[in-house]
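In what follows, a structure is listed as structure tokens, so that the remarks can point back to it.
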Amino acid sequence: MKVFESESIRNICLIGHGAAGKTSLTSAMLFDSGAVNRLGRVEDGNTVTDWEDEEIERKISISCALAHCEWNKKKINILDTPGYRPFLAETQLALRAADAAVIVVDAVAGVEVQTEKVWEFCDEYNLPRMIVVNKCDRDNASKDRTLASLEESFGRGAVPVQIPLGMEKDFAGVISLLTEKACRYEKDGSGKFKEEDVPAEYTDELSQAREKLIEMAAEGSDALMEKFFADGTLSHEDFIEGLKTGMMQGSIYPVFFASSTVNIGIAQVLNAVTDLCPSAAAVAKATGIDPKTNEAVERTISSAEPYAAYVFKTVADPFAGRISLVKLYSGIMRSDSTYNNQTKGKNEKFGPLQVPQGKTMIPVGEVHAGDFFAVTKLKETTTGDSFCDPSSPIVFSSVEIPEPSITFAIEPKSRGDEDKISNALARITEEDAAIKYNRDPQTKQLLLSGNGQLHVEITVAKLSKRYGVEVILKTPKVPYRETIRGKADVQGRHKKQTGGHGQFGDCRIKMEPLPRGGQFEFANEIFGGAIPRNFIPAVEKGITDSAARGFLAGYPVVDFKVTLYDGSFHPVDSSEMAFKIAGSLAFKKAMEQANPVLLEPIMNVEIYAPQEYAGALTGDLTSRRGRLQGMDMKRDIQIIKAQVPMAEMVSYSPVLTSVTGGRGSFHMEFSHYDEVPAHIGEKIVEEARKERTEEEE
Ligand SMILES: Nc1nc2c(ncn2[C@@H]2O[C@H](COP(=O)(O)OP(=O)(O)O)[C@@H](O)[C@H]2O)c(=O)[nH]1
Ligand SMILES: [Mg+2]
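Residue numbers (my numbering): 17 to 713.
This is how it looks when you write it as structure tokens:
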């Protein structure tokens, strides 16, 4: 494996809505550049970057994958990413490590919901962008419609640098606005093409489109603008320079046309990556924090600087173990050396450095600034860690992964698997930071959270296939709470005379509601020693213990205040235990008086579906006690926002699928707790009582 310098490296990330063709485009780029010797297909499960079992089986990308090729004597590192919402955290990780983004858009569908989402990520990371309109060979593919949708979403900066030669089944190649030549492709998937003069029927379109492009290219630079006014045109070099500047400034997003599966237009995309996208050396300096001073520090992307690297992704391979994917910002890193993990404050022994081609690892002796590598079996290192020369410390900021949107309870099919589950989940969450798991202290259920049902199901499939743990997925118990609406003033008195030593504790408390989210407050207003000071915490403990066990249906009681204002004691028979029991008795009496009610979690829900389903979906939400918050249109996708009780949403996924024929999706997150309506509350209390008597039997 050759070693490349940062000037000769391009780090691109392919992003876009699911099924736009990112994985297929990666596949074609690798094939046409000679990095692999067959054009891998998603359908055949043999692409380089969809290599995980779950990806092959489901024919979608689930995690980001790294591949590379050589083109025009440059090394192109390609990060292929998922485009469906549940897996966008992976896309963020990849973009964090890339120097430019290639946005892939379907020539039939145009800009889709997640295209806009990933575009926002690029804004966040300030990435130069180019756009590939893919699937030009498909029926109903349209140049004009797609360009209109690009301009509508991303402004006039989304400007074509090509004209497609035919469309749909006649798509045969591209005409370059820069060289004013046509590239006509063979239709056999070989990627071979011939350069020819622009066919006569395109000359008008060409001159118009070229004029528009030259104006855009000249806009970013005064010098170019002057040249343009003086000569009425730009030289090829100036043209490229203008586009490059525009891309770096974020004012130009050149648009290309291609078909990845028929292998048309890919060479021009590769040319654009090497000619227009910034080299690893040309991007802005890498910024981080000096951990000692907490001040911002900068690093030039250069092999001459001390080493500094960032772990952007971890793969939990059941055979190879932990694989860390690393971006080297500065310096040189070598195989079989020891490096300082600044984030963990530990030294790590590196084995051989490797360059990934999907799942295939190619050993490399050393890697220079601006490049990527993989290293296996690091002990302490996790995603987001920074490595650096201790004499020149720098810590890079990591990606914030959004909280999961949906939670399921899981149970092992065989009882002995409890430990295995935790181990396997620990590994899985190492590679997928968007998955969370924990044991609910209240219900004792093992909860598995992810971004949507599919995400959780894939995790369950990984548990079974990789780690041999079979689990059952259950909708989780809704974490209800209890609270009070009224006030109470009661006495809790515990007196027992058994033979010699008795027990005596006596307290008087007031109870009142607190605002939502107020949790619990305890005020001690005992004066003059009605209860000795050392027993007062026992009263509070008696109350909080009982509150945790619940009063109505076994759910924790929250948002209330207790004031302890009087009581009495016995010099011999009083004890902590006796006062704890007195506190607990007082709590129960107070709850009876204070008009207890159940609280339920209310979720903020967003539903995305084609507009024709809006009526059916809002109707359904109303029947789920949902409150509509607003409607939004993004092209032909309706976004419905509502607040809905969690209890009504646990079984929503299959309903949405059946109502929309699989075309809808939704996202939800916790908003707040609210009172359960009385008639529903009664049922919950009744069920809890049944469960309790069953347990006792
Ligand atoms: N007709 C046609 N189909 C394509 C093209 N590119 C990808 N596809 C198909 O579209 C589907 C999704 O492609 P994939 O590369 O997995 O999209 P990704 O989700 O963006 O990675 C697959 O069935 C591909 O075979 C193309 O240029 N033309
Ligand atoms: Mg893909």
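Even glycine gets a Cβ: it sits at the ideal position worked out from N, Cα and C.
Whole-Å CB distance - residue i paired with residue j, under 8 Å assumed
| i | j | result |
| --- | --- | --- |
| Met17 | Val371 | 5 Å |
| Thr499 | Asp575 | 5 Å |
| Phe520 | Pro548 | Phe520 to Pro548, Cβ: 12 Å. No contact. |
| Gly558 | Gly533 | Gly558 to Gly533, Cβ: 24 Å. No contact. |
| Ala504 | Gln609 | 4 Å |
| Ala332 | Tyr345 | Wrong, their Cβ atoms sit about 25 Å apart, outside the cutoff. |
| Val613 | Glu691 | 5 Å |
| Pro529 | Arg501 | 6 Å |
| Tyr496 | Ala564 | About 14 Å; that fails the 8 Å criterion. |
| Arg26 | Lys90 | 6 Å |
| Leu731 | Phe388 | It is not possible to answer for residue 731, since the shown part of the chain is limited to 17 through 713. |
Three-state secondary structure (DSSP) of residue i
| i | result |
| --- | --- |
| Ser43 | helix |
| Leu615 | strand |
| Glu592 | helix |
| Phe209 | strand |
| Gln358 | coil |
| Phe328 | strand |
| Pro553 | helix |
| Ser158 | coil |
| Gln654 | strand |
| Tyr668 | helix |
| Arg305 | Note that residue 305 is Ile in the sequence shown here, rather than Arg. In the structure shown, Ile305 sits in a strand (DSSP, three-state: E or B). |
| Thr423 | strand |
| Ser49 | coil |
| Gln373 | strand |
| Gly189 | strand |
| Phe273 | strand |
| Leu462 | strand |
| Tyr629 | helix |
| Gly337 | strand |
| Gln659 | strand |
| Phe538 | strand |
| Leu344 | strand |
| Asp561 | helix |
Element boundaries [beta strand (DSSP E), containing residue i]
| i | result |
| --- | --- |
| Leu568 | Where Leu568 is concerned, there is no enclosing beta strand (DSSP E), given that its DSSP letter is neither H nor E. |
| Glu86 | Ala81 to Trp87 |
| Met527 | Gly518 to Pro529 |
| Glu691 | Ser681 to Glu691 |
| Asp456 | Looking at the DSSP string, Asp456 is not in any beta strand (DSSP E), and its letter there is neither H nor E. |
| Ile72 | Per DSSP, Ile72 belongs to no beta strand (DSSP E); it is in the alpha helix (DSSP H), Asp69 to Arg74. |
Proximity of residue i and residue j at Cβ, strictly below 8 Å
| i | j | result |
| --- | --- | --- |
| Ser353 | Ala390 | no |
| Leu95 | Ala110 | yes |
| Ile280 | Tyr201 | yes |
| Ala22 | Ala296 | The sequence shown places Ser at residue 22, rather than the Ala named in the question. Taking 8 Å as the Cβ cut-off, Ser22 and Ala296 qualify as a contacting pair. |
| Val129 | His33 | yes |
| Val271 | Asp153 | no |
| Pro98 | Ser77 | yes |
| Asp122 | Lys151 | yes |
| Glu138 | Thr107 | As written in the sequence, residue 138 is Cys, which differs from the Glu given in the question. Not in contact: Cys138 and Thr107 (Cβ atoms no closer than 8 Å). |
| Leu30 | Val118 | yes |
| Glu314 | Thr303 | yes |
| His517 | Asp589 | yes |
| Met619 | Met662 | yes |
| Phe244 | Gln178 | no |
| Glu59 | Ile474 | no |
| Ala113 | Lys343 | yes |
| Ala225 | Leu250 | no |
| Val64 | Gly374 | yes |
| Ile147 | Tyr269 | yes |
Start and end residues, alpha helix (DSSP H) containing residue i
| i | result |
| --- | --- |
| Leu479 | Gln469 to Tyr483 |
| Thr290 | Ile282 to Asp291 |
| Ser438 | Glu434 to Glu447 |
| Gln130 | Val129 to Tyr141 |
| Asp254 | His252 to Gln265 |
| Met232 | Thr219 to Glu235 |
| Lys243 | Asp238 to Asp247 |
| Thr107 | Leu104 to Ala113 |
Cβ-heavy atom distance, residue i to ligand 4, below 7 Å
| i | result |
| --- | --- |
| Asp153 | In terms of ligand content, the structure shown lacks ligand 4 and carries ligand 1 and ligand 2 instead. |
Cutoff 8 Å: residue i Cβ touching any chain B Cβ
| i | result |
| --- | --- |
| Lys360 | The chain labelled as chain B is not found in the depicted structure, where only one protein chain is given. |
So which residues put a beta carbon under 5 Å from any heavy atom of ligand 2, going in chain order?
Lys38, Thr39 and Ser77
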